[in-house]
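Below is one structure; the comments refer to it alone.
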Amino acid sequence: TQAFLDRMAQTRDLNAFITETPERALADAAGSDQKLRAGTARPLEGLPLAVKDNYCTEGVPTTAGSHILNNFVPCYESTVTRKVWDAGAVLLGKTNMDEFAMGSSTMTSHFGPTRNPLKAQNDPRHRVPGGSSGGSASAVAARSALAALGSDTGGSVRQPASFCGVVGLKPTYGRCSRWGLIAYASSLDQAGPIARTVRDAAILLNAIAGPDEKDSTSVNQSVPDFELFAGQPVKGMRIGIPKEYRLDGLRDDVVALWEHGAAMLRDQGADVVEVSLPMSRYALPAYYIIAMAEASSNLSRFDGVRYGLRVDGDSLAEMIENTRAEGFGEEVKRRILLGTFTLSAGYYDAYYRKAQQVRMLIKRDFDTVFGSVDALLYPTSPIPAFPVGELMDDPVAMYLIDVYTITVNLAGLPAMSVPAGTSAEGLPLGLQVVGKPFEEGTVIRVGEALV
Ligand code: GLN
27 TQAFLDRMAQ TRDLNAFITE TPERALADAA GSDQKLRAGT ARPLEGLPLA
77 VKDNYCTEGV PTTAGSHILN NFVPCYESTV TRKVWDAGAV LLGKTNMDEF
127 AMGSSTMTSH FGPTRNPLKA QNDPRHRVPG GSSGGSASAV AARSALAALG
177 SDTGGSVRQP ASFCGVVGLK PTYGRCSRWG LIAYASSLDQ AGPIARTVRD
227 AAILLNAIAG PDEKDSTSVN QSVPDFELFA GQPVKGMRIG IPKEYRLDGL
277 RDDVVALWEH GAAMLRDQGA DVVEVSLPMS RYALPAYYII AMAEASSNLS
327 RFDGVRYGLR VDGDSLAEMI ENTRAEGFGE EVKRRILLGT FTLSAGYYDA
377 YYRKAQQVRM LIKRDFDTVF GSVDALLYPT SPIPAFPVGE LMDDPVAMYL
427 IDVYTITVNL AGLPAMSVPA GTSAEGLPLG LQVVGKPFEE GTVIRVGEAL
477 V
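In terms of full-length UniProt numbering, the sequence shown opens at residue 27 and continues consecutively.
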């Protein structure tokens, strides 16, 4: 723990952490030390973790990357973080993120952008770590945390893992409790580990998975020992390559990475076949309509009355207006406005209902394909990490880079990004493995075969 705290201090220029908790970390570590010596170690005993700042942590400030949660200190602990502390893990600090997890770069944070510890060859510019769990991925890549918790609504665990050369796992919707995880889009949000190895991610998933009576969308499914899947052979498995995902203009290095991954699985005895997911081409608009609609509703609770920032006004209405005007950043406001628009009378059928219908068709495509294959393989992101500052003034271009991650959130499936290669400019590239609902084990098995 001390070594990780030292490393955090050395790498503070990355801005990976919003809050550091060194005193608590050392106290937790001392407790773990005793348990280890007594031979009563729990599964994550003494492992120093970083936690994305949208998990409510009792007694530790929680901001979700927003000014509106200024000075908010939760009086309760999220289920997922409670589980990792109960398993013996040590909290190093809370990591930076796009405001309310809205973004793909960690640049929309009120606390400034996080940097990727990796740089391109012959290019001194700082790169983004991806987002929205960019602080968590940056910390793991910089070795200032052994592993981290992120959350994934449309790729926020997998895309930063791809950008930072680490592993990111999004479990099946309902596999982990969302209780105490600050909501962005409730029908898409899921907790997920970011780690250096597939096995580490599996070990963390063991700790965070399982039903919770406080979250009615968590599912009562047995939780296997996911670690046992890492290293199991992929011989005889059927792996699908969705042909529509080979987008026009996809970069050569990303195409090569994908082909290399398919060849690796084939060499190990898997049957790699082409499959079709025709409805996925409508996933981006459907995702952004649904995510913004749910966000506009979820974010109505930030009114200056109950917690966080309050900016006074002459009336209650004015106080709420002033608080929200000052407390929310530009991207969050854009999404509240668009989400409110698509839910309003007269537009609901044209946008929101249509998006829900498209979501169902996308899900059906996956159901069909999973009748004949065990898992799917495709890139995590069409691009590697881009320079800090880029794409900030072009929200639509920023939304488009989520093309490979959002479909599995719409369909509720488990997926993992593994570091699988290097881009033309020497940056990490991730490959994504997607599985059937509640078959994270298969995803882990195939993921491990790719690294
Ligand atoms: N980039 C996507 C968005 O902004 C996904 C973010 C996430 O998974 N939290 O909505």
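Quick reminder that beta carbons are idealized off the backbone N, C-alpha and C, glycines included.
Three or more Cβ pairs drawn from the segment 250-263 and the segment 286-301 lie within less than 8 Å of each other, which places the two stretches in contact.
Sequence-distant partners of S306 (beyond 5 residues in either direction) whose C-beta falls short of 8 Å from its own C-beta, in its chain, are P268, E270, Y271, I388, D391 and T433. Contact check for G156 and A411: beta-carbon distance about 6 Å, within the 8 Å limit, so the pair qualifies. The nearest non-hydrogen atom of the ligand GLN is 7 Å or more from the C-beta of D420. Its chain contains A235 and G236 as the residues whose beta carbon lies nearer than 6 Å to that of V249, once the 5 sequence neighbours on both sides are disregarded; these appear in chain order. In this structure the segment 341-350 does not touch the segment 81-91; the number of beta carbon pairs closer than 8 Å is below three.
Residue range G160 to A167 is occupied by the alpha helix (DSSP H) that includes S162. For Y377, there is no enclosing alpha helix (DSSP H), since its DSSP letter is neither H nor E.
Partner residues in a beta bridge of G138, as assigned by DSSP, do not exist.
Only residues of its own chain outside the window of five on either side were considered, and among them A475 and L476 have a CB closer than 8 Å to the CB of M290, listed in chain order.
Here E239 is exposed: its Cβ has fewer than 16 other Cβ atoms, across all protein chains shown, within 10 Å.
8 Å or more divides the Cβ of S203 from the Cβ of N80. Of the residues assessed, R38 falls on the exposed side of the cut-off, its CB having fewer than 16 other CB atoms within 10 angstroms. Residue side-chain check: S188 keeps its Cβ at 7 Å or more from all non-hydrogen atoms of the ligand GLN. With 6 Å as the limit, the residues whose C-beta approaches any heavy atom of the ligand GLN more closely are A127, M128, G129, S130, S158, D178, T179, G180, G181, S182, Y210, A317 and D428, in sequence along the chain. For the 8 Å CB-CB criterion, S170 and I220 do not form a contact. The beta strand (DSSP E) runs lying completely inside the segment 42-125 and spanning 3 residues or more are 43-46, 74-78 and 116-121, given in chain order. With a cutoff of 8 Å on beta-carbon distance, D32 and V116 are scored as not near each other. In the three-state DSSP reduction, R153 falls in the strand class (E or B). Inside the segment 299-369, DSSP marks whole alpha helix (DSSP H) runs of 4 or more residues at positions 309-324, 342-353 and 356-369, from first to last along the chain. Unbroken beta strand (DSSP E) stretches of 3 residues or longer found wholly inside the segment 384-449: 401-405 and 441-448, given in chain order. Residues E270 and D391 of the same chain have their beta carbon placed closer than 7 Å to that of P304, with the five preceding and five following residues left out of the count. With contacts defined by Cβ atoms closer than 8 Å, A446 and G456 form a contacting pair. By the CB criterion at 8 Å, A174 and A29 fall outside the cutoff. Shown here, R292 sits in a helix according to DSSP, grouped into three states. By the neighbour-count definition (other C-beta atoms within 10 Å, threshold 16), R327 is an exposed residue. When the beta-carbon positions are compared, G180 and T431 come within less than 8 Å of each other.
Residue pairing for V459: DSSP places it in a beta bridge opposite L403 and M442. In the three-state DSSP reduction, A371 falls in the coil class, being neither helix nor strand. In the structure shown, the three-state DSSP call for D251 is coil.
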